[in-house]
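Residues 1299 to 1896 in this note's numbering are what the sequence shown spells out, letter by letter.
Note that the Cβ used here is the ideal one computed from N, Cα and C, for glycine as well.
Structure, as structure tokens:
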Amino acid sequence: MIRDRIRNFSIVAHIDHGKTTLSDRLLERTGAVSQRDLEEQMLDSMDLEKERGITIKAHYVRLTYKAKNGQTYYLNLIDTPGHVDFSYEVSRSLAACEGALLIVDATQGVEAQTLANAYLAIENDLTIIPVINKIDLPSAEVEKTEEQIENVVGVPADEAILVSAKTGEGTEDILEALVERVPPPEGDETKPLKALVFDSWYNPYRGVVLLIKVIEGKIKVKDKIKLMFSGSEYNVEELGYFTPKEEKVKEIMAGDTGYLIAEIKKISDVTVGDTITLVHNPADKPLPGFKRLKPMVFAGFYPADKTTHEELADALNKLSLNDSSFEFEPENSPALGLGYRCGFLGLLHREIVQERLEREFNLTIITTAPSVRYRVKLVDETYIEIDSPAKLPEKSLYLAIEEPFMKVSLFTPQKYVGTIMKFLETKRAIYKTMEYISAQRVILIYEIPFSEMVVDFYDKIKLLTSGYASFDYEFIGFKESPLERLEILINNESVDALSLIVSKDTAYRKARELLLKLRKNIPKQLFEVILQSKIGGRIIARETIKALRKNVLAKCYGGDITRKRKLLEKQKEGKKRMKKIGRIEVPQEAFLSILKSD
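Here's what the structure looks like:
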């Protein structure tokens, strides 16, 4: 393999700007997939991705292209997600590349994630090729888009390639630009092996499959390798490329990417970002890996059927293998029993993990209300971090609570600015700046407590702007806020899975809203159910779910009134007994109702 003819590149863009469709055209043009086998979203292998029309996992494929200069080139393409929750997939894919196609929709212009992903590519010193997509649409504004690419992203727009991923127009120009503009990978085959693990997943028949980029040296089948982070050693069983079908090879040289199978059965032995080296000729130090992102949103996952607890543990282990930002630890809830406290990058990430557990592992899961990580200053001036309201110490044991703040960049048409600002006031947001990127489009910069963003923020922004606004956010640090724990009691029993940490200013409103939602979603019982909200030792709100009443007088057709009274008194006594011993089951809908704002 001649290294000069290898090109490692990624496709990055805002959500729904046409990355996956363009990948399909590149597969088609290079002959990687025959016309007969071609289908939409070829690289989106999960049913969830096809149904939602979004990319969740980064996907790798090797293309063979004969350029106009008569040479054959090997293009290693990594298609990445666009949604802000999956930016970790983008960061680790870029670590294996030398170039990036930055796709911008000609009808939408530069959006929040366009900018965020462009900066990620710049940080990785990649060659950026701007691509303006959807030029076939009547509403396409190519000149305005070029202006935005230059002014907002800071990439020269005179080299932008105009394409239509739908029709295939401009595909050839992209392939030629990759060959001419993206530099070949560096590396020395004679040096000790250093290979970066940039993705992995679990195969029940073959163990753990690793996607690797060989930085230095070379790796062969039957080589004895060592994972430098875990220190575990294995023999290489199989090497190959995805074209997109599996194509086995004997060795992978410096600068190239591919897959590796080595009978790795223990999921815990593999860390994405780890360095692989040879046992007999090891590298002196590991590669720097890539930026590791910490989970920001936490929720409890509990099996609806208590007997499936071990199955849930196994499924979470397998999912966390190829999702380095997903974390979990065992948790015990008095209300729901044994479960797991899980950490995610955002609400969509949580939703996707839950759906994957239910579809791929046939589990039924109860999810608790999401919360963020708080920092608590204790009376002895030390700090602890908590990811669940249940872990907040008693009021007398701490001095202050600090919550995570995000810097949010909102891209919106100018006519929606007033509506968005009004909405952000209710979210305790702090205004920073506003700048025009064109006559009609504005970037608003705000600082917002992350707890105000985890429930319905994305949906509400889209609703208020008819789908035209987009946003990106980054963590800026912890700030002290007036916060308290809001507890929910059902028939005088505290349900820890429903408790929240709320701002003192909005505590009463949140408490009322929450009880109304629960009253709506908890079915009536044969006894009265009392719902209460409590802050500290004080009950601040109450709702009552009236008992189901059986008509005990249905068979009394007239007769003495005392007979009717006797039946009603008997019913009343029965209700009292039921109330003393009655426990209720809270349905999943009640937990999910907390995730939705009105």
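Straight-line gap, residue i to residue j (C-alpha atoms, nearest Å)
| i | j | result |
| --- | --- | --- |
| L1846 | P1821 | 10 Å |
| E1338 | T1488 | Annotation note: pLDDT 49 at E1338 (below 50); position unreliable, coordinate value reported separately. Distance between the alpha carbons of E1338 and T1488: 42 Å. |
| D1403 | G1316 | 8 Å |
| I1433 | F1755 | 31 Å |
| S1792 | E1867 | 31 Å |
| N1306 | A1839 | 59 Å |
| I1843 | E1811 | 15 Å |
| T1761 | T1606 | One point to set straight first is that residue 1761 is Leu, not Thr, in the sequence displayed. Distance between the alpha carbons of L1761 and T1606 is about 39 Å. |
| P1711 | Y1766 | 7 Å |
| R1648 | A1698 | 29 Å |
| L1585 | V1310 | 24 Å |
| S1749 | K1592 | 16 Å |
| E1700 | T1724 | 19 Å |
| K1546 | L1509 | 14 Å |
| N1374 | L1320 | 15 Å |
| K1720 | N1790 | 38 Å |
| D1342 | N1431 | Legend: pLDDT at D1342 = 41, less than 50; position of this residue unreliable, no value from coordinates given. |
| Y1771 | L1690 | 27 Å |
| I1859 | L1661 | 55 Å |
| M1902 | Q1869 | No statement about residue 1902 is possible, as the shown extent of the chain runs from 1299 to 1896 and does not include it. |
| R1303 | S1686 | 52 Å |
| L1787 | G1835 | 12 Å |
| I1833 | G1571 | 44 Å |
| D1794 | R1783 | 11 Å |
| I1313 | G1368 | 36 Å |
| I1300 | T1569 | 30 Å |
| K1522 | L1494 | 16 Å |
| A1455 | R1807 | 50 Å |
Extent of the continuous alpha helix (DSSP H) run through residue i
| i | result |
| --- | --- |
| L1473 | 1469 to 1479 |
| N1630 | No alpha helix (DSSP H) contains N1630, which is instead part of the beta strand (DSSP E) from 1625 to 1631. |
| L1655 | 1645 to 1658 |
| D1322 | 1317 to 1327 |
| D1757 | 1755 to 1762 |
| Q1411 | 1410 to 1421 |
| I1562 | That residue, I1562, is in no alpha helix (DSSP H); it is neither H nor E in DSSP. |
Proximity below 7 Å, CB of residue i to CB of residue j
| i | j | result |
| --- | --- | --- |
| G1397 | G1485 | no |
| S1530 | D1497 | no |
| I1735 | I1741 | yes |
| K1518 | M1551 | no |
| T1665 | A1597 | yes |
| T1469 | R1671 | no |
| S1768 | E1785 | no |
| I1376 | S1308 | yes |
| S1831 | L1813 | yes |
| I1426 | V1408 | no |
| I1559 | E1535 | yes |
| G1644 | K1563 | no |
| P1435 | A1416 | As written in the sequence, residue 1435 is Leu, which differs from the Pro given in the question. Result no, Cβ atoms of L1435 and A1416 do not sit closer than 7 Å. |
| M1526 | T1465 | no |
| E1745 | K1705 | yes |
| L1418 | L1392 | yes |
| Y1638 | F1624 | no |
Delimiting residues of the beta strand (DSSP E) encompassing residue i
| i | result |
| --- | --- |
| D1770 | 1768 to 1779 |
| R1305 | 1304 to 1311 |
| D1497 | 1492 to 1501 |
| E1531 | 1531 to 1533 |
| Y1729 | 1728 to 1734 |
| N1431 | 1425 to 1431 |
| L1813 | Unbroken run through L1813 is the alpha helix (DSSP H), 1805 to 1819; no beta strand (DSSP E). |
| E1549 | 1549 to 1551 |
| I1718 | Segment 1715 to 1723 is the alpha helix (DSSP H) holding I1718; no beta strand (DSSP E) there. |
Buried or exposed by the 16-neighbour rule on C-beta atoms within 10 Å, applied to residue i
| i | result |
| --- | --- |
| E1778 | exposed |
| G1556 | buried |
| D1603 | exposed |
| C1640 | buried |
| S1707 | buried |
| C1395 | buried |
| F1773 | exposed |
| Y1371 | buried |
| Q1738 | exposed |
| S1437 | exposed |
| S1669 | buried |
| K1818 | exposed |
| T1318 | buried |
| Y1729 | exposed |
- Query: Taking one C-beta from the region 1666 to 1681 and one from the region 1713 to 1729 each time, how about it: are there three or more such pairs within less than 8 Å?
  - Reply: no
- Query: Is there contact here, the region 1443 to 1454 with the region 1405 to 1423, by at least three beta-carbon pairs under 8 Å?
  - Reply: yes
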